[in-house]
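Position one of the sequence shown corresponds to residue 189 (the numbering used here), numbered consecutively onward.
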Amino acid sequence: MHMQNMPYVLSGKIKITADPDNPEGLPHKHVSFYMHYSSFVFKSLQKCSFQRFLDKMLKTENIREQSITEVHVKVFPQRRSNGRGLAGNCVPARGKIQIYPKTMTFCRLFKQKFGKSTFLAYACSRARAALIHELLHLKYAMDENRVRKLAQKYFYAFTQKKPTHSRLSLLSYTMIFMARQPMFSAFMRSSRVSAEPTRL
Ligand SMILES: [Zn+2]
189 MHMQNMPYVL SGKIKITADP DNPEGLPHKH VSFYMHYSSF VFKSLQKCSF QRFLDKMLKT
249 ENIREQSITE VHVKVFPQRR SNGRGLAGNC VPARGKIQIY PKTMTFCRLF KQKFGKSTFL
309 AYACSRARAA LIHELLHLKY AMDENRVRKL AQKYFYAFTQ KKPTHSRLSL LSYTMIFMAR
369 QPMFSAFMRS SRVSAEPTRL
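Printed below as a string of C-alpha cells:
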C-alpha cells in the first residue's frame, strides 16, 4: 500500500506489524482472523475523515509532526500483567505508538451478541480512540488523567462529525468510555462480553 503522497501528518507513518510472527503458535484460523482485523484497523485509521481530524487535533494541541515516528498496528493482541488486554501504548521519547487488537474470543462473543456491523464499528472506534489517546501521551507524557479526559473529549467530537454512522459511533463511544458506569457494566456482564474499560 502506497500512502506516501497523502497530505496528512500520519498517513505515511502507520504500518501493520507482527513481531514475533506468531507469538503463541496460533492455529491458521486465528492468524488469519488477526490479519483481517489488523488490515481493517489500518484502513479505519487511514480514512481521510479521521486523518483530517487528527491533523486538526495535533495542531490544536501543538504536537509537532517530528515528535511522531511510527504508528504500529500490531497484528496480535497483547496482555497486561493483570491479564487485561491492552489497546495501545506509547514511547514518547521515541515517538513510537502501538495499537493492539482485542482477542479473537472477545470478538466472537461480541459479534454473537451485537452483530457484525456493531462489532466492526466498535473495533474501528476502539483503535481510533486508542490512537487519539496515545498521541496525546506525546504531549502530556505520564499525566494519565489529563490524557483520558482529553481523549474522551476529542473522540466524542469526532463521533459528532459523522451523521451517517452516528448511532453506531455513539454506541461505540459508550462502550469504550462509559464501560465503568454501573448500569452499563451490569448490562455488559449480563451479555457475557466484558467491555473492560479501555485502559490505554
Ligand atoms: Zn494512557
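Think of the CB as a built atom: it goes at the ideal place given N, C-alpha and C, for glycine as much as any other residue.
My output table needs one value for residue i: the three-state DSSP class, helix, strand or coil.
| i | result |
| --- | --- |
| residue 251 | coil |
| residue 200 | coil |
| residue 287 | strand |
| residue 272 | coil |
| residue 212 | coil |
| residue 262 | strand |
| residue 257 | coil |
| residue 205 | strand |
Hey, how far is the Cα of residue i from the Cα of residue j?
| i | j | result |
| --- | --- | --- |
| residue 195 | residue 238 | 13 Å |
| residue 197 | residue 222 | 27 Å |
| residue 364 | residue 309 | 11 Å |
| residue 272 | residue 236 | 31 Å |
| residue 215 | residue 227 | 19 Å |
| residue 306 | residue 356 | 6 Å |
| residue 342 | residue 313 | 12 Å |
| residue 204 | residue 304 | 23 Å |
| residue 213 | residue 328 | 37 Å |
| residue 270 | residue 302 | 27 Å |
Kindly list the residues whose CB is nearer than 6 Å to the CB of residue i, restricted to its own chain and excluding five residues on each side of it in sequence; keep chain order.
| i | result |
| --- | --- |
| residue 225 | 289 |
| residue 318 | 275, 276, 287, 388 |
| residue 241 | 346 |
| residue 322 | 276, 278, 285 |
| residue 266 | 274, 288 |
| residue 255 | 283, 326 |
| residue 320 | 339, 342, 343 |
What do you get for residue i, buried or exposed, if any count of 16 or more other CB atoms within 10 angstroms of its CB means buried?
| i | result |
| --- | --- |
| residue 330 | exposed |
| residue 276 | buried |
| residue 279 | exposed |
| residue 311 | buried |
| residue 252 | exposed |
| residue 360 | buried |
| residue 315 | buried |
Ordered along the chain, which non-local residues of its own chain (more than five positions away) have a Cβ less than 7 Å from that of residue i?
| i | result |
| --- | --- |
| residue 207 | none |
| residue 219 | 210 |
| residue 202 | 230, 233, 234, 259, 261 |
| residue 189 | In this prediction, residue 189 has a pLDDT of 49, which is less than 50 and means its spatial position is unreliable; nothing more can be read from the coordinates. |
| residue 358 | 347 |
| residue 291 | 265, 273 |
| residue 344 | 361 |
CB-CB under 8 Å to residue i, same chain, minus the five flanking residues each way: which ones, in chain order?
| i | result |
| --- | --- |
| residue 349 | 237, 241 |
At least three beta-carbon pairs within less than 8 Å, the stretch 236-252 to the stretch 289-298: Verdict: no, contact absent.
Would you be able to state if there are at least three C-beta pairs under 8 Å between the stretch 297-306 and the stretch 324-344? Flag = no, the stretch 324-344 and the stretch 297-306 do not touch.
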